[in-house]
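**Q** Here it is: the structure, laid out below.
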Amino acid sequence: MPILFFVGAVCLVLVRPPSAPAQSPLSVSLRIGFDGYVTPGGWVPLEVRIDPGEKGIDGEVMVEAWAGSRTNPSVTKYLWPLRVPPGGVFQLSHAIPYVDARWPVRVEVRAGGAVVFAKELRPRPADGLVVVLSQVRGGVVAAGSPLPVVVYAHEEDLPVHPWAYAGVRVLVIHDLSGRRLDEDRRRALLSWVARGGRLLISTGEGFHRIDREALAPLLPAIPTSTKQLPPPRTLAARFGGVFPDPLPVAALVPLPGSSVSLAEGETPLIVERPWGRGEVVMWAFDYLTLPFLRWSGRFSLWRELLEARPRTSGVVTPEATEVLPSSGSLPPGVVLGLGLGMMLYVTVIRWLLRRSTASPSWWLWLLLTAVAFSGGFWAGSTAIRSRGASLAWVSAMEVEGGSGVGVLASYLRRFGPGGGRFELVVPRVLPLVRALPPGSAEVRFEPGAVRVTGSGSLSALEMAGVFPSLFDGWVQRKEGELEVEVVNRSSQPLEDLLLVFQGKVRRLPSLPPGESRWTIGLGQWVALDTAGRERALGRTVLEGALLQWVFPRLPGGATMEERDGPFLLGWVDPRALGVELSLEPPPIAGNPPERVLLILRLQWR
Amino acid sequence: MRSPKSVGLITFALALLAATALLLVPQELEGGSRLPIGSAYILLAIQMAVLTYLISASACGEIAIEGEKSIWDLAGTRFPSRTIVYGKITSAVLSCAMLLALAAPFQALVLGVTGASPVPFLLGWLLTLGTTCAAAATAIWGMTLSESEGVRSLVHWAWLGTLFMLSALLPEPWRLLNPFQALWEAFEGGREWAWTLGSYAVLSVLFLEWAGWRLQRGRGSHAHLRGG
């Protein structure tokens, strides 16, 4: 019987091994992109919600974003502390880079030294997205080429960073609650439109469902009342089809800077306004009302709205790091010294070979000579490399005139002599951090600090953020002259100013705090390439390199219709903007960004 | 070793490698991971080609070093054929090791400036020794084919061309028989270079055994001729 008992017990253990003690229930909800759709190539929104249950949790959340090739991937690992008291919930809204659709995004929750949750997210790629803020999932027609994917979202689903709107062709607002749209999301939305985003606001007789205060600076018109419009002939004439019924519309009062692109008699139906490089369109009707849904011409209307249009991106992009010098050239004296050292070595070896004997001591001398010169060359070359260590860091702030928000992008290139790891504390105003291929980095979000740990001898990082702009500017063309008006709300002057217009450049005097106006004749400009050859564009090598990078990327057309400039370029002390740009520890050598390049796209009056 | 020709050859090889290393020092120390790997790889590849030529040419007698006896001179001695053949290859491999040690300062320079890992360098040395051994073994075998200098040179150059150039045209995975390809694999962190090294070792033993057998046969015919 004892034998039977032990055999039975062993069999039981083998068949059903003891399992680990049950963990407390951990509820993790993950959202990437817009309803799971992303347009690969840029930043995408990521939402993580963790409900650890009654026991709480103390650990961390890790998100891995991959890019590059299989053999040489670039990984940015994000880590957030996860400390939730019993009954609490962890909520994270951020943006992560999603460059290559072949790679998944890995999310892990770690607690007590173990991985308690792990999941690989594989977002669905789309050629373009139409994001609809609406309580009703329907009514928007996917049209245009390439065909976008229509996704329905709520205010909380919108990204907190403007970069995470990558791939969104149009944001359609049917319902909007200002209470549910927090300040970060609102600012991100404004900044996205200012940088070229397109927004459609569909009002109609229920226009009160849209919180106007949240969109106040963007609105092209104010809906004041509602009325029943007889079947509108202008809509049908332009987009085809026949309206079978009267259409309930909101009475829109266009605001200054807006234009009525379609009206039925005195009633504006479609009002538009440019905002920065972006565009805001307001419909006086509701696309969910029955008369509109029964109108066959609505397909053409949607197609015209959703057609992909070439969009200029920001001027400063990650490729800027490629033109930045990351180490100085080897001085000719050093190269000469190395050559002389080699000649000396070959001569000594030749001398020894001529006196060769079969004795062990001769072989020892030969070997010692090779070892001694190897050590000498290695020590010398390592010292040369150490002196070449550097950190190149440039920052640029792009502001769309009239938008009130600016985006700040910093690019950092570090060249370390011995490779290995390095650690930086990045400024808090730049929460979007990623390693640029082929480098990798670990980004750790701590209370009050963002720590970046990188490895390898050469690393490049992108750091970005959005904040209210203290600069604004307008331009007006009058009889062969440009009237430029710039507002500097910072406490310090804006220096080394350049005005770039239609591929030409002109220097301007320093801009003191307050309002400044200039009237500039159009005949006193120099070509950009001529200006680029001038040495005094920046005070340092890096400033000059950044300007050389920016110049060719400024759109040359800059007509009023294109709304692409003119541009005001200048250097500003980040402290004057209330921004502290400093790295910890300080750069090994090189130029910390004591000045930020301001790229202000002037708004046409 | 102290013969003027030998000293001249070693000096020339070292000067060539020194100039290569100096040219490979990057003007700017940036350049990411590609440049350090490129510099180190180029230096080792050139070194491999130079040393392989020198050692195999010496082994087959194309570069005649004063005082060094040819394989047929040694065939007249009382040493067994295999001892002669393996003695020749040992001499070739030791000469290669000495030249590698003498060229070490140039690699130290490139290593220090570029910050590249020393591991591929060490693997490069091993592959150079293996390639040199295979080339020298073939050269020794070529010497046993005929005492004619023309045949020796033909075998020597045909083999160098096959080893370094024709093998590069082979399809995967046979292309790994190319020493440059194996060196690249070593730099890329792969382990396939071990197959290359193993193939060269097998090839060396086969050619040396064949050369020993031919030498033994040749000795018989020479003795017959001498006896006649």
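These protein sequences, in sequence, are chains H and X.
My numbering puts the first residue of the first sequence at 844, with every later residue one more than the last.
My numbering puts the first residue of the second sequence at 3, with every later residue one more than the last.
Quick reminder that beta carbons are idealized off the backbone N, C-alpha and C, glycines included.
1. Look at residue 908 of chain H and residue 939 of chain H and say whether their C-beta atoms are less than 9 Å apart.
2. Could you tell me which chain X residues have their CB closer than 7 Å to the CB of residue 1216 of chain H, listed as they occur along the chain?
3. Can you list, in chain order, the stretches of the beta strand (DSSP E) that have 3 or more residues and sit fully within the stretch 1260-1345 of chain H?
4. Drop a sphere of 10 angstroms on the beta-carbon of residue 1372 of chain H, count the other beta-carbons inside from all chains shown, and report buried for 16 or more, exposed for fewer.
5. Do you know how far the Cα of residue 1237 of chain H is from the Cα of residue 1383 of chain H?
6. When you compare only the Cα positions, how much space is there between residue 26 of chain X and residue 186 of chain X?
7. Can you tell which of H/1013, H/1415, H/1253 and H/1347 has its C-alpha closest to the C-alpha of residue 1337 of chain H?
8. Just tell me which of H/972, H/923 and H/946 has its CA closest to the CA of residue 953 of chain H.
9. By the DSSP assignment, the alpha helix (DSSP H) with residue 934 of chain H in it spans what residues?
10. Quick one: grab the DSSP three-state call for residue 140 of chain X.
11. Hey, residue 1032 of chain H and residue 1001 of chain H are a contact pair by Cβ (cut 8 Å); roughly how many whole angstroms apart?
12. Using the beta-carbon count (16 or more within 10 Å), is residue 12 of chain X buried or exposed?
13. Closer than 8 Å is the cut-off here; do at least three beta carbon pairs connect the stretch 1051-1071 of chain H with the stretch 1089-1098 of chain H?
14. For the stretch 164-177 of chain X against the stretch 89-109 of chain X, are there 3 or more C-beta pairs whose distance is under 8 Å?
15. Quick check on residue 1213 of chain H - is its C-beta less than 9 Å from some C-beta in chain X?
16. For residue 1236 of chain H, return the contacting residues in chain X, with the cut-off set at a CB-CB distance below 9 Å.
17. What three-state label does DSSP hand residue 1130 of chain H in the structure shown?
18. Have a look at H/1268, H/1224, H/1398 and H/1141 and flag the residue whose alpha-carbon is nearest the alpha-carbon of residue 108 of chain X.
19. Report yes if the C-beta distance between residue 114 of chain X and residue 1222 of chain H is below 9 Å; otherwise report no.
20. Who are the near neighbours of residue 148 of chain X in its chain, counting only those whose CB is closer than 8 Å to its CB and skipping five residues on each side?
21. Per DSSP, which one or two residues make a beta bridge with residue 920 of chain H?
22. Using the beta-carbon of each residue, which ones in chain H are nearer than 9 Å to residue 114 of chain X?
23. Are the C-beta atoms of residue 121 of chain X and some chain H residue less than 9 Å apart?
24. Anyone know if the C-beta pair for residue 1325 of chain H and residue 1363 of chain H falls short of 9 Å?
25. Go ahead and pull the three-state DSSP assignment for residue 177 of chain X.
26. Would you mind sorting residue 14 of chain X into buried or exposed? The rule is 16 or more other CB atoms within 10 Å of its CB.
27. What are the start and end residues of each continuous alpha helix (DSSP H) run of 4 or more residues lying completely inside the stretch 86-133 of chain X, in chain order?
28. What residues from chain H crowd round residue 1 of chain X, counting only those whose CB sits closer than 7 Å?
29. Between which two residues does the alpha helix (DSSP H) containing residue 1195 of chain H stretch?
30. With a CB to CB cut of under 7 Å and the five nearest residues on each side skipped, what residues in its chain are close to residue 929 of chain H?
31. At 7 Å on the CB atoms, spell out the chain X contacts of residue 1189 of chain H, in chain order.
32. For a cutoff of 9 Å on Cβ pairs, would you count residue 1445 of chain H as touching chain X?
33. Tell me whether residue 36 of chain X sits in a helix, a strand or coil according to DSSP, three-state version.
34. Identify which residue in H/1160, H/1339, H/1192 and H/1020 has its Cα closest to the Cα of residue 1250 of chain H.
35. Excluding sequence positions up to five away, which residues of its chain have a Cβ less than 8 Å from the Cβ of residue 969 of chain H?
36. Just list the residues that DSSP pairs residue 894 of chain H with in beta bridges.
**A** Reading from the atomic positions:
1. yes
2. 107
3. Runs of the beta strand (DSSP E) inside the stretch 1260-1345 of chain H: 1264-1269, 1275-1278, 1284-1289, 1292-1298, 1301-1311, 1314-1321, 1324-1331 and 1338-1344.
4. Its Cβ having fewer than 16 others within 10 Å, residue 1372 of chain H is exposed.
5. Whole-angstrom Cα-Cα distance: 11 Å.
6. 17 Å
7. H/1415
8. H/923
9. Looking at the DSSP string, residue 934 of chain H is not in any alpha helix (DSSP H); the run it does join, the beta strand (DSSP E), is 933-941.
10. DSSP places residue 140 of chain X within a helical segment (H, G or I) once states are collapsed to three.
11. 6 Å
12. buried
13. yes
14. no
15. By this cut-off, residue 1213 of chain H is an interface position.
16. Residues of chain X passing the Cβ test: none, with the nearest at roughly 14 Å.
17. In the three-state reduction of the DSSP assignment, residue 1130 of chain H falls in the coil class.
18. The candidate whose alpha carbon is nearest that of residue 108 of chain X is H/1224.
19. yes
20. 154
21. H/907 and H/1285
22. By Cβ distance, chain H contributes 1220, 1221, 1222, 1223, 1224, 1225, 1226, 1227 and 1228.
23. no
24. yes
25. Shown here, residue 177 of chain X sits in a helix according to DSSP, grouped into three states.
26. exposed
27. 106-116
28. Past the boundaries of the shown model lies residue 1 of chain X; chain X is included only from 3 to 230, so the question cannot be answered.
29. 1175-1197
30. 897, 898 and 899
31. The answer, in chain order, is 13, 16, 17 and 20.
32. no
33. Unreliable positioning characterises residue 36 of chain X in this predicted model, as indicated by a pLDDT of 35, which lies under 50. A coordinate reading is not provided.
34. That would be H/1160, whose Cα lies nearest to the Cα of residue 1250 of chain H.
35. Annotation for residue 969 of chain H: 880, 881, 882, 991, 992 and 1010 place their beta carbon closer than 8 Å to its own, counting only its chain and skipping 5 residues before and after.
36. For residue 894 of chain H, which the question treats as bridged, DSSP gives the partners H/870.
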